[in-house]
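Here the sequence shown stands for residues 1 to 190, numbered as in UniProt numbering. C-beta atoms are modelled at their ideal positions from N, C-alpha and C, and glycine is treated no differently. What follows is a single structure, written as C-alpha coordinates, with notes after it.
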Amino acid sequence: MRTQVLGAVRAELGERGYDELTLDGVAARAGVHRATVYRRWRNVGGLLADVFEATGDDDWQPQDTGSLRGDLAALNHESQAALTARPSIAAALIAASFRSEEAARGVRRLWEDRYARCEVIVDRAVRRGELPPHTDARRLLVAATAPLYHQLVLLRTPPDPDLPDQTARTAVLAASAGAFVKSPPDGQVV
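Rendered as C-alpha coordinates:
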(Lines of atoms letter the chains of each structure in order from A; the text may use other names.)
(Lines give C-alpha, C1' and ligand atoms only; values in the text may rest on other atoms or scores of the structure.)
Protein backbone atom coordinates (compact mmCIF):
# COMPACT_ATOMS: atom_id res chain seq x y z
CA MET A 1 0.00 0.00 0.00
CA ARG A 2 2.83 2.42 0.83
CA THR A 3 4.31 1.90 -2.64
CA GLN A 4 0.93 2.62 -4.26
CA VAL A 5 0.37 5.75 -2.20
CA LEU A 6 3.86 7.15 -2.71
CA GLY A 7 3.61 6.47 -6.44
CA ALA A 8 0.34 8.38 -6.43
CA VAL A 9 1.99 11.28 -4.57
CA ARG A 10 4.74 11.48 -7.20
CA ALA A 11 2.23 11.35 -10.05
CA GLU A 12 -0.09 13.96 -8.50
CA LEU A 13 2.80 16.25 -7.63
CA GLY A 14 4.26 15.96 -11.11
CA GLU A 15 0.94 16.59 -12.84
CA ARG A 16 -0.70 19.09 -10.51
CA GLY A 17 2.08 20.63 -8.44
CA TYR A 18 2.28 21.24 -4.73
CA ASP A 19 -0.68 23.62 -4.49
CA GLU A 20 -3.12 21.04 -5.82
CA LEU A 21 -1.67 18.03 -3.99
CA THR A 22 -4.33 16.66 -1.62
CA LEU A 23 -4.68 13.56 0.50
CA ASP A 24 -8.03 12.85 -1.16
CA GLY A 25 -6.49 13.05 -4.64
CA VAL A 26 -3.64 10.77 -3.61
CA ALA A 27 -6.02 8.25 -2.06
CA ALA A 28 -8.19 8.20 -5.18
CA ARG A 29 -5.23 7.76 -7.50
CA ALA A 30 -3.70 5.05 -5.29
CA GLY A 31 -7.03 3.22 -5.06
CA VAL A 32 -7.05 3.19 -1.27
CA HIS A 33 -9.57 4.54 1.21
CA ARG A 34 -8.99 8.16 2.15
CA ALA A 35 -9.13 7.31 5.88
CA THR A 36 -6.10 5.05 5.40
CA VAL A 37 -4.10 7.91 3.93
CA TYR A 38 -5.23 10.37 6.61
CA ARG A 39 -4.48 7.93 9.42
CA ARG A 40 -0.98 7.04 8.24
CA TRP A 41 0.29 10.33 6.76
CA ARG A 42 -1.98 12.96 8.42
CA ASN A 43 -1.24 15.72 5.87
CA VAL A 44 0.50 16.57 2.60
CA GLY A 45 3.73 17.30 4.45
CA GLY A 46 3.71 13.79 5.87
CA LEU A 47 3.24 12.35 2.39
CA LEU A 48 6.11 14.39 0.99
CA ALA A 49 8.41 13.49 3.87
CA ASP A 50 7.70 9.81 3.24
CA VAL A 51 8.41 10.21 -0.49
CA PHE A 52 11.86 11.55 0.39
CA GLU A 53 12.35 8.82 2.99
CA ALA A 54 11.47 6.13 0.45
CA THR A 55 13.91 7.60 -2.07
CA GLY A 56 16.72 6.96 0.42
CA ASP A 57 15.70 3.30 0.61
CA ASP A 58 16.78 2.57 -2.96
CA ASP A 59 20.02 0.91 -4.01
CA TRP A 60 21.21 3.70 -6.32
CA GLN A 61 24.96 4.16 -6.62
CA PRO A 62 26.92 6.52 -8.89
CA GLN A 63 28.38 4.99 -12.03
CA ASP A 64 32.04 3.98 -12.18
CA THR A 65 33.23 5.04 -15.64
CA GLY A 66 36.93 4.74 -14.81
CA SER A 67 37.62 8.47 -14.59
CA LEU A 68 36.61 11.37 -12.41
CA ARG A 69 35.42 13.37 -15.39
CA GLY A 70 33.36 10.45 -16.66
CA ASP A 71 31.85 9.76 -13.23
CA LEU A 72 30.85 13.40 -12.73
CA ALA A 73 29.49 13.69 -16.27
CA ALA A 74 27.41 10.53 -15.76
CA LEU A 75 26.05 11.93 -12.49
CA ASN A 76 25.21 15.21 -14.22
CA HIS A 77 23.49 13.45 -17.13
CA GLU A 78 21.34 11.52 -14.63
CA SER A 79 20.47 14.73 -12.81
CA GLN A 80 19.63 16.57 -16.01
CA ALA A 81 17.40 13.71 -17.16
CA ALA A 82 15.53 13.73 -13.83
CA LEU A 83 15.11 17.51 -13.87
CA THR A 84 13.91 17.68 -17.47
CA ALA A 85 11.58 14.66 -17.47
CA ARG A 86 7.95 15.56 -18.08
CA PRO A 87 6.59 15.67 -15.55
CA SER A 88 9.72 16.20 -13.48
CA ILE A 89 9.09 14.65 -10.10
CA ALA A 90 12.55 15.79 -8.97
CA ALA A 91 11.81 19.43 -9.78
CA ALA A 92 8.35 19.19 -8.20
CA LEU A 93 9.81 17.76 -4.98
CA ILE A 94 12.44 20.50 -4.86
CA ALA A 95 9.75 23.14 -5.36
CA ALA A 96 7.59 21.55 -2.65
CA SER A 97 10.52 21.73 -0.23
CA PHE A 98 10.22 25.53 -0.34
CA ARG A 99 6.56 25.32 0.68
CA SER A 100 6.51 22.58 3.30
CA GLU A 101 8.79 22.23 6.31
CA GLU A 102 8.34 18.44 6.26
CA ALA A 103 9.39 18.38 2.60
CA ALA A 104 12.33 20.67 3.36
CA ARG A 105 13.57 18.27 6.04
CA GLY A 106 13.05 15.40 3.63
CA VAL A 107 15.01 17.03 0.84
CA ARG A 108 17.89 17.81 3.22
CA ARG A 109 18.02 14.14 4.29
CA LEU A 110 17.89 13.06 0.66
CA TRP A 111 20.78 15.36 -0.34
CA GLU A 112 22.84 14.18 2.63
CA ASP A 113 22.25 10.58 1.54
CA ARG A 114 23.09 11.27 -2.12
CA TYR A 115 26.25 13.24 -1.29
CA ALA A 116 27.39 10.44 1.04
CA ARG A 117 26.81 7.85 -1.69
CA CYS A 118 28.70 9.99 -4.22
CA GLU A 119 31.82 10.37 -2.05
CA VAL A 120 33.00 7.14 -3.65
CA ILE A 121 33.53 9.10 -6.88
CA VAL A 122 36.14 11.26 -5.17
CA ASP A 123 37.67 8.32 -3.28
CA ARG A 124 38.19 6.44 -6.55
CA ALA A 125 39.73 9.52 -8.19
CA VAL A 126 42.18 9.99 -5.30
CA ARG A 127 43.18 6.29 -5.51
CA ARG A 128 43.70 6.60 -9.29
CA GLY A 129 45.90 9.67 -8.75
CA GLU A 130 43.50 12.06 -10.48
CA LEU A 131 43.03 14.17 -7.37
CA PRO A 132 45.22 15.26 -4.50
CA PRO A 133 44.71 13.54 -1.16
CA HIS A 134 42.37 15.30 1.26
CA THR A 135 40.09 16.57 -1.51
CA ASP A 136 36.79 17.61 0.05
CA ALA A 137 34.25 15.37 -1.67
CA ARG A 138 31.21 17.45 -0.76
CA ARG A 139 32.65 20.70 -2.09
CA LEU A 140 33.73 19.04 -5.33
CA LEU A 141 30.37 17.32 -5.82
CA VAL A 142 28.48 20.56 -5.23
CA ALA A 143 30.73 22.42 -7.69
CA ALA A 144 30.21 19.72 -10.31
CA THR A 145 26.42 19.52 -10.02
CA ALA A 146 25.24 22.96 -8.88
CA PRO A 147 25.33 24.59 -12.33
CA LEU A 148 22.73 22.09 -13.57
CA TYR A 149 20.33 22.90 -10.76
CA HIS A 150 20.99 26.61 -11.18
CA GLN A 151 20.21 26.54 -14.90
CA LEU A 152 17.32 24.06 -14.89
CA VAL A 153 15.57 24.74 -11.59
CA LEU A 154 16.34 28.35 -10.70
CA LEU A 155 16.61 29.94 -14.14
CA ARG A 156 14.37 27.38 -15.87
CA THR A 157 16.46 27.47 -19.02
CA PRO A 158 16.01 24.82 -21.71
CA PRO A 159 18.29 21.83 -21.16
CA ASP A 160 21.71 22.15 -22.76
CA PRO A 161 22.99 18.74 -23.85
CA ASP A 162 26.58 19.93 -23.36
CA LEU A 163 26.11 21.31 -19.83
CA PRO A 164 26.60 18.01 -17.91
CA ASP A 165 29.97 17.42 -19.58
CA GLN A 166 31.06 21.06 -19.36
CA THR A 167 30.38 21.32 -15.64
CA ALA A 168 32.13 17.99 -15.01
CA ARG A 169 35.17 19.18 -16.97
CA THR A 170 35.28 22.50 -15.09
CA ALA A 171 35.00 20.80 -11.70
CA VAL A 172 37.76 18.31 -12.59
CA LEU A 173 40.10 21.12 -13.65
CA ALA A 174 39.52 22.98 -10.40
CA ALA A 175 39.78 19.83 -8.27
CA SER A 176 42.95 18.55 -9.91
CA ALA A 177 44.53 21.97 -9.25
CA GLY A 178 43.74 21.54 -5.54
CA ALA A 179 40.77 23.91 -5.32
CA PHE A 180 38.87 21.53 -3.03
CA VAL A 181 41.68 20.29 -0.79
CA LYS A 182 40.71 20.52 2.85
CA SER A 183 42.72 22.99 4.86
CA PRO A 184 44.60 21.36 7.71
CA PRO A 185 43.77 22.46 11.24
CA ASP A 186 45.98 25.33 12.44
CA GLY A 187 49.52 24.24 13.07
CA GLN A 188 49.26 20.86 11.31
CA VAL A 189 51.19 19.95 8.21
CA VAL A 190 49.48 17.77 5.63
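- In the displayed model, Thr135 falls within a strand according to three-state DSSP.
- Straight-line measurement puts the Cα of Ala177 at about 46 Å from the Cα of Ala8.
- Restricting attention to alpha helix (DSSP H) runs no shorter than 4 residues, the region 53 to 92 encloses them at 68 to 84, ordered along the chain.
- In this structure, Leu48 is the residue among Arg40, Ala175, Leu48 with its C-alpha nearest to the C-alpha of Tyr18.
- In terms of Cα proximity to Gln151, the closest of Ser79, Ala116, Thr135, Asp113 is Ser79.
- The beta carbons of Val26 and Val37 sit closer together than 8 Å.
- If you compare the alpha carbons of His134, Val5, Thr157, Asp64 with that of Val120, the shortest gap goes to Asp64.
- Measuring C-alpha to C-alpha distances from Val153 to each of Thr84, Arg40, Trp41, Thr22 identifies Thr84 as the nearest.
- Under the criterion of beta carbons closer than 8 Å, Gln4 and Ala30 qualify as touching, at roughly 4 Å.
- Judged by DSSP in its simplified three-state form, Val181 adopts strand.
- Pro164: member of the alpha helix (DSSP H) spanning 163 to 176, first to last residue.
- Around the C-beta of Arg42, fewer than 16 other C-beta atoms lie within 10 Å, and the residue is accordingly described as exposed.
- When the beta-carbon positions are compared, Cys118 and Pro164 stay at least 8 Å from each other.
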